[in-house]
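See below for the structure under consideration.
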Amino acid sequence: MMRSVLMAGAALLFAIPAAAQDHSGHAGHTTPAPTPMPQPAPEDHSAHQGMDHSHQGQPATPPVDHSQMDHGAMDHSQMDHGAAIPSGPPPARAFEGPAHAAAAIWGDAAMARARAANHEMHGQMRFATLMAERLEARVASGEDVYLWDVQGWYGTTTDRIVFKTEGEGEFSGAVDGAELQLLWGHAIGPWFDLQTGVRLDVEPETTAHLALGVQGLAPYMIHVDAAAFLSDEGDLTARIEAEHDMRLTQKLILQPRIEFELSAQDIPQRGIGAGPVKIETGLRLRYEIAPEFAPYVGVEYEAALGQTADIIRAEGDDPDGLVFLIGLRTWF
């Protein structure tokens, strides 16, 4: 209501000055008469009387009789221009005929080979990718470490061989932990792959595991990598990683990341207690010089949890801490 009143008031505000203008001063104005345009001299067509058009042989056009055209008899009542365009399924006749019409010309055998080649090219094309998600130096109180997180795959969009490796170590010492995974990945939908295979820990001690997990893209563009591991000693553990790319500009990307580990039992030789083992959560800000080459800086909070934190405290170490990092994300 108030909006209508304001609009009416605005219209009245502009109309009043226009109506109030005094046009009496224009009474003495006289519009000058238009200047007459010169008329062309009439042409003399008398010379055309001697022209003989009989040799052109064009018959005279008979007059058109429109009296037989009864436009009033046309019935437009059946034309329903207001009806909606049909949106149902195609008619059944659209599915009649051979499944592969070209086979009627070239033969079943020739077209079967052509279809197989087309499927191989477009549906079973093989790809290879090697991606370093994290190659970084980590600065914490009292120690500087490096970390790598690399994976690659080769195969089709539905089946592929996946290779993963992850680990860390001190710049001044040996590798603290390193693992290798060799997996077979199979698409279980448009967004996720089921992965199964083996994992081998080479540091701090050699341990083999069976691995089963999923990797893919969850709603809201969250990249998820979750897996359970059963070691050759019968120890069952699990790890879940999730990250999300938030594009601030065309080249500047902020990535929140979280990693969570669990254990079904105590593993004394690895300093792990049953239950929640540790959590890592952080932010990385990267600049894409090119999509394949993106340096980044970030900060991450690491904390041991539950019984694992108690074991670390008993050894005289701090179970949590803040880490500053600089690294590179690259792939080819």
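Residue numbers (the numbering used here): 9 to 340. Just so it is clear, CB atoms sit at the ideal spot from N, CA and C, and this is done for glycine as well.
*Taking only runs that begin and end inside the segment 105–178, name each unbroken alpha helix (DSSP H) of 4 or more residues, in chain order.*
Complete alpha helix (DSSP H) runs here, min 4: 111–114, 116–130.
*Since ARG337 is in the beta strand (DSSP E), which residue starts that stretch and which ends it?*
Its beta strand (DSSP E) spans residues 328–339.
*With DSSP run on the structure shown, which of helix, strand or coil describes GLN277?*
Reduced to three states, the DSSP call for GLN277 is helix.
*Taking DSSP as the reference, what is the three-state secondary structure of GLY193?*
In the structure shown, GLY193 sits in a strand (DSSP, three-state: E or B).
*State buried or exposed for SER180, treating a residue as buried only when at least 16 other CB atoms are found within 10 Å of its CB.*
So SER180 counts as exposed.
*Label TRP199 either buried or exposed according to how many other C-beta atoms from any shown protein chain fall within 10 Å of its C-beta, with 16 as the threshold for buried.*
Within a 10 Å sphere around the beta-carbon of TRP199 sit fewer than 16 other beta-carbons, which makes this residue exposed.
*Do the segment 133–144 and the segment 103–110 make contact, defined as three or more Cβ pairs closer than 8 Å?*
Segments in contact, no.
*Classification of PHE340 by the beta-carbon crowding that lies within 10 angstroms, buried from 16 upward*: Counting other Cβ atoms within 10 Å of its Cβ, PHE340 stays below 16 and is therefore classed as exposed.
*Taking C-beta to C-beta, are GLY314 and PRO284 nearer than 8 Å?*
Yes, these two residues count as a Cβ contact at 8 Å.
*asked:* Which residues does DSSP list as the beta-bridge partners of ASP201?
replied: Beta bridge pairing from DSSP links ASP201 with ALA195, GLN223.
*Taking just the CA atoms, how far does ILE248 sit from ARG207?*
Whole-angstrom Cα-Cα distance: 15 Å.
*Inspect the CB distances between the segment 288–302 and the segment 261–272 and report whether three or more fall short of 8 Å.*
Output reads yes: the segment 261–272 touches the segment 288–302.
*Where does ILE319 sit, in a helix, a strand or coil, going by DSSP?*
Under the three-state reduction of DSSP output, ILE319 falls in the helix class.
*Assign ASP243 to one of three DSSP states: helix, strand, or coil.*
Coil at ASP243, not helix or strand.
*Cβ separation of TYR304 and THR289, assumed to be a contact under 8 Å, to the nearest whole Å*: Between TYR304 and THR289 the beta-carbon gap is near 16 Å, outside 8 Å, which marks them as no contact.
_Tell me which residue opens and which closes the beta strand (DSSP E) that GLY290 is part of._
Per DSSP, GLY290 belongs to the beta strand (DSSP E) from 283–295.
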